[in-house]
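A.B. asks:
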Amino acid sequence: MKIKRVLISVTDKSGVLEFAKFLENGGAEIFSTGGTLKALQSGGIGARSISDVTSFPEILDGRVKTLHPAIFAGILARRDVKSHLEQLEKLNLSLFDMVVVNLYRFEETVASGAGLDEIVENIDIGGPSLIRAAAKNYEGCAVVVDPTQYAEITAELDRSGEVGLPLLRRLAAAAFEKVALYDVAISRFFRENFTSEGPLGGSLMFAARKSMDMRYGENPHQEAGFYGNFEAHFEKIHGKELSYNNLVDIDAAQRLLQEFVEPAAVIIKHTNPCGTALAGNIQAAYTKALKTDPKSAFGGIVALNGVVGADFASQLNEIFLEVLIAQGFTDEALEILRKKKDRRLIISRNPLPTDVQVRSSCGGILAQTTDDVVLNESELKVVTARKPTEAELADMKFAYTICKHVKSNAIVFAKDRMTLGSGAGQMSRVDSVKIARMKAEEAGLGLTGSVAASDAFFPFSDNVDEIAKAGATAIIQPGGSVRDADSIEAANRLNISMVFTGLRHFKH
Numbered sequence: 007m008k009i010k011r012v013l014i015s016v017t018d019k020s021g022v023l024e025f026a027k028f029l030e031n032g033g034a035e036i037f038s039t040g041g042t043l044k045a046l047q048s049g050g051i052g053a054r055s056i057s058d059v060t061s062f063p064e065i066l067d068g069r070v071k072t073l074h075p076a077i078f079a080g081i082l083a084r085r086d087v088k089s090h091l092e093q094l095e096k097l098n099l100s101l102f103d104m105v106v107v108n109l110y111r112f113e114e115t116v117a118s119g120a121g122l123d124e125i126v127e128n129i130d131i132g133g134p135s136l137i138r139a140a141a142k143n144y145e146g147c148a149v150v151v152d153p154t155q156y157a158e159i160t161a162e163l164d165r166s167g168e169v170g171l172p173l174l175r176r177l178a179a180a181a182f183e184k185v186a187l188y189d190v191a192i193s194r195f196f197r198e199n200f201t202s203e204g205p206l207g208g209s210l211m212f213a214a215r216k217s218m219d220m221r222y223g224e225n226p227h228q229e230a231g232f233y234g235n236f237e238a239h240f241e242k243i244h245g246k247e248l249s250y251n252n253l254v255d256i257d258a259a260q261r262l263l264q265e266f267v268e269p270a271a272v273i274i275k276h277t278n279p280c281g282t283a284l285a286g287n288i289q290a291a292y293t294k295a296l297k298t299d300p301k302s303a304f305g306g307i308v309a310l311n312g313v314v315g316a317d318f319a320s321q322l323n324e325i326f327l328e329v330l331i332a333q334g335f336t337d338e339a340l341e342i343l344r345k346k347k348d349r350r351l352i353i354s355r356n357p358l359p360t361d362v363q364v365r366s367s368c369g370g371i372l373a374q375t376t377d378d379v380v381l382n383e384s385e386l387k388v389v390t391a392r393k394p395t396e397a398e399l400a401d402m403k404f405a406y407t408i409c410k411h412v413k414s415n416a417i418v419f420a421k422d423r424m425t426l427g428s429g430a431g432q433m434s435r436v437d438s439v440k441i442a443r444m445k446a447e448e449a450g451l452g453l454t455g456s457v458a459a460s461d462a463f464f465p466f467s468d469n470v471d472e473i474a475k476a477g478a479t480a481i482i483q484p485g486g487s488v489r490d491a492d493s494i495e496a497a498n499r500l501n502i503s504m505v506f507t508g509l510r511h512f513k514h
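Note that the working numbering has the sequence shown beginning at 7, numbered continuously upward.
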């Protein structure tokens, strides 16, 4: 398809002068609107006003410019339908061969903190209409929605003098995608601000642009990509490209780290925390966390809520780590850490959002709000004769927070704000207890005087027996089993303190 007549109306004017000049030099007649028209004419391009086509001025402060039959007829007319062309001729209307449009900056306006009036004014009406019309009639009208498309189009026109059908189809697909993303952003804003539905309404409004190609997914035979804005939360400053599994683990590490205000260190392996600790500074916290399971920490992900200095950097270099996340690194630390060429170094910028989690299931999508409930000490219920000490209660709250981030069935032993052993993802809860005890013993950590946390209730009292056998003196769990009385009786018999939270934290 040759390009003879073009409509250009863009908010993002990057590259548009060069593109318009190329089209004009190829013999195309260019029509434009408002600020775009001024920019083109100032750049020496002989663009004409869209009013020359409509014989009608732009009105309502620019709210109505292109919404006119003379424009849309020229875009939507089927070139292979004789009656369409006859109608245009009868009405003295001409075809448009290309529409170059990008949209008002709605999302950017919302993000800037602008007021409601300004946000509403940045809802584009004519732009999406033009894009949809041209994309619908893609065989007769090329639609261009992004400056990054200019180069491919000019290359094809240079090569053959026409825009071929394969490119026209790709442009149409990109156009509908652009409008869909735009509409979702507006819809979500209105629902969040004008309704009481919350994030999970009658429709799941979710759309994201692909921002990273993964080499592969969880395994080399699976395709994968990242859709969203990683840079809103993190900045990768060194190392290999991030993998699918890296991103899953980074999310797991950061979400657990966000639970703590005190200096904290989190070590993640396959989304499960294999070591977590609090201390007076992040280096001391890491030293404690690493003791939990140094074997599993090899090849893991470390997240820290502080700045890494030179001494700490040297310590971090002692074992192989896939990813290191911190709030910052000193220049001296970076010099040391960059000696490991492949390890990814990431600066955490903003907390991850706690809104909606989604996953595919049964040919559809499951969605839920994030499990971001904070344990309320006033709602804890001591159900045993022996009450926990202040130190035990502090460790219980710490262990229960970790448990929330361990795959079910989950058991966590802790003491002195440090995990001692974790049992994750077992089909039997008592097996999780045994594994957690085994991991602690492998690391040379005694469980005497520790506390144990469970993400869900104990179905049988054998869990209490195993926990007591390990050496723990206090247990925190949701409660709610039909056999709670059996577990309470076992705890009393063994002189263990038990606390019910009323909160379950399954993680599948």
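All C-beta atoms in this analysis are idealised placements derived from N, C-alpha and C, irrespective of residue type, glycine included.
No experiment lies behind these values; they were computed from the predicted model shown.
Would you kindly check if the distance between the Cβ of residue 37 and the Cβ of residue 11 is under 9 Å?
C.D. replies: yes
A.B. asks: Which two residues bound the contiguous alpha helix (DSSP H) that contains residue 302?
C.D. replies: 300-303
A.B. asks: Take every Cβ of the stretch 118-129, pair it with every Cβ of the stretch 146-156, and state whether three or more of those distances are shorter than 8 Å.
C.D. replies: Fewer than three Cβ pairs drawn from the stretch 118-129 and the stretch 146-156 lie within less than 8 Å of each other, which leaves the two stretches out of contact.
A.B. asks: For the putative contact between residue 107 and residue 15, defined by C-beta atoms under 8 Å, what is the C-beta separation to the nearest angstrom?
C.D. replies: 5 Å
A.B. asks: Are residue 457 and residue 420 touching if we call contact CB-CB under 9 Å?
C.D. replies: yes
A.B. asks: Please state if the CB of residue 188 and the CB of residue 130 are separated by a distance shorter than 9 Å.
C.D. replies: yes
A.B. asks: Are the stretch 296-303 and the stretch 274-281 touching, with three or more C-beta to C-beta distances below 8 Å?
C.D. replies: yes
A.B. asks: Buried or exposed: which applies to residue 292, given that a residue is buried once 16 or more other Cβ atoms fall within 10 Å of its Cβ?
C.D. replies: buried
A.B. asks: Using 10 angstroms around the beta-carbon of residue 391, count the other beta-carbons present and answer buried if the total reaches 16, otherwise exposed.
C.D. replies: exposed
A.B. asks: Alpha carbon to alpha carbon, how far is residue 144 from residue 7? Give it in angstroms, no decimals.
C.D. replies: Between the alpha carbons of residue 7 and residue 144 lies a distance of about 10 Å.
A.B. asks: Pull up the distance between the alpha-carbon of residue 175 and that of residue 137, whole angstroms please.
C.D. replies: Using only the alpha carbons, I get a separation of about 13 Å.
A.B. asks: Taking C-beta to C-beta, are residue 513 and residue 440 nearer than 9 Å?
C.D. replies: no
A.B. asks: From the DSSP output, in three-state form, read off residue 41 for me.
C.D. replies: helix
A.B. asks: Thinking residue 342 and residue 320 are a contact (beta carbons under 8 Å), I'd like their distance in whole angstroms, please.
C.D. replies: 6 Å
A.B. asks: Considering only residues of the stretch 464-490, which uninterrupted alpha helix (DSSP H) runs meet the minimum length of 4 residues and lie entirely inside it, listed in chain order?
C.D. replies: 468-476
A.B. asks: Apart from the five residues just before and just after residue 236, which ones in its own chain have a Cβ nearer than 7 Å to its Cβ?
C.D. replies: 217 and 218.
A.B. asks: Under the assumption that residue 503 contacts residue 388 (Cβ atoms under 8 Å), give the Cβ distance between them as a whole number of angstroms.
C.D. replies: 7 Å
A.B. asks: What number of angstroms, rounded off, separates the C-alpha of residue 472 from the C-alpha of residue 285?
C.D. replies: Distance between the alpha carbons of residue 472 and residue 285: 29 Å.
A.B. asks: Start and end of the beta strand (DSSP E) containing residue 219?
C.D. replies: 216-219
A.B. asks: Just to confirm, are residue 492 and residue 463 a CB contact at a threshold of 9 Å?
C.D. replies: no
A.B. asks: Is it buried or exposed for residue 558, if we count other Cβ within 10 angstroms and need 16 for buried?
C.D. replies: The requested residue 558 is not part of the displayed model; the chain covers only 7 to 514.
A.B. asks: Which whole-angstrom value describes the C-beta separation of residue 326 and residue 305, a residue pair presumed to lie in contact below a C-beta threshold of 8 Å?
C.D. replies: At roughly 6 Å, the Cβ-Cβ gap stays under 8 Å, so residue 326 and residue 305 are in contact.
A.B. asks: Going by DSSP, which residues form a beta bridge with residue 374?
C.D. replies: 363
A.B. asks: With DSSP collapsed to three states, give me the class of residue 35.
C.D. replies: strand
A.B. asks: Within the same chain, show all residues whose beta-carbon is closer than 6 Å to that of residue 193, passing over the 5 residues directly before and after it, in chain order.
C.D. replies: 211
A.B. asks: Could you tell me which of 424, 331, 483 and 142 sits nearest to residue 385, measuring between CA atoms?
C.D. replies: 483
A.B. asks: Whole angstroms is fine: what's the gap from residue 162's alpha carbon to residue 54's?
C.D. replies: 25 Å
A.B. asks: Which residues does DSSP pair with residue 278 in a beta bridge?
C.D. replies: 275
A.B. asks: Given this structure, state the Cα-to-Cα distance separating residue 259 from residue 423, to the nearest angstrom.
C.D. replies: One C-alpha to the other measures close to 17 Å.
A.B. asks: Okay, do the stretch 67-83 and the stretch 25-36 touch, 3+ Cβ pairs below 8 Å being the bar?
C.D. replies: no
A.B. asks: Could you give the distance in angstroms between the alpha-carbon of residue 349 and the alpha-carbon of residue 245?
C.D. replies: 5 Å
A.B. asks: To the nearest angstrom, report how far apart residue 89 and residue 214 are at their CA atoms.
C.D. replies: Each residue's alpha carbon lies about 41 Å from the other.
A.B. asks: Go ahead and pull the three-state DSSP assignment for residue 545.
C.D. replies: Because the chain here runs from 7 to 514, residue 545 falls outside it and cannot be looked at.
A.B. asks: When you compare each of 490, 47 and 247 to residue 530 by their alpha carbons, which one comes out closest?
C.D. replies: This structure does not reach residue 530, given that the chain is present from 7 up to 514, and the question cannot be answered.
A.B. asks: Taking the alpha-carbon positions, what's the residue 29 to residue 238 distance?
C.D. replies: 37 Å
A.B. asks: Residue 505 and residue 480 - do their beta-carbons sit closer together than 9 Å?
C.D. replies: yes
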